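Residue numbering for the sequence shown is 0 to 74, as defined by numbering that gives the first Met the number 0.
Glycine is no exception: its CB is placed at the ideal position from the N, C-alpha and C atoms.
None of these values were measured; they are calculated from a predicted model.
For reference, the structure is listed below as structure tokens.
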Amino acid sequence: MNSCDKAATICDKAQYGEATLIEKIKLRFHLLICKTCATHSQKNTKLTSLCQKANLRVLSDQEKSKIKQELQNKL
Numbered sequence: 000m001n002s003c004d005k006a007a008t009i010c011d012k013a014q015y016g017e018a019t020l021i022e023k024i025k026l027r028f029h030l031l032i033c034k035t036c037a038t039h040s041q042k043n044t045k046l047t048s049l050c051q052k053a054n055l056r057v058l059s060d061q062e063k064s065k066i067k068q069e070l071q072n073k074l
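This is how it looks when you write it as structure tokens:
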């Protein structure tokens, strides 16, 4: 692992299940050495967990259009 930037990218990919086994191994090794990245990884894990618990969802295109129309009608 050459840089913390690469570690952060792999950390993000790992959170979403997109990291390969080799990337995960490299990340673990980097986290043992770099405490800054280890802290980032812990915070990233907590944030992902909180977002999953919150059951966040995005508005559909129809819902967005309806809200826009209502706002324009009020103006």
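Within 7 Å, strictly: CB atoms of residue i and residue j
i: alanine 6; j: leucine 26; result: yes
i: glutamine 14; j: threonine 47; result: yes
i: serine 40; j: leucine 30; result: yes
Length of the line joining the Cα atoms of residue i and residue j
i: glutamine 68; j: leucine 74; result: 10 Å
i: serine 64; j: asparagine 72; result: 12 Å
i: leucine 58; j: serine 2; result: 37 Å
i: alanine 37; j: lysine 45; result: 13 Å
i: leucine 49; j: leucine 55; result: 10 Å
Buried/exposed call for residue i, threshold 16 Cβ in 10 Å
i: isoleucine 24; result: exposed
i: threonine 19; result: exposed
i: isoleucine 9; result: buried
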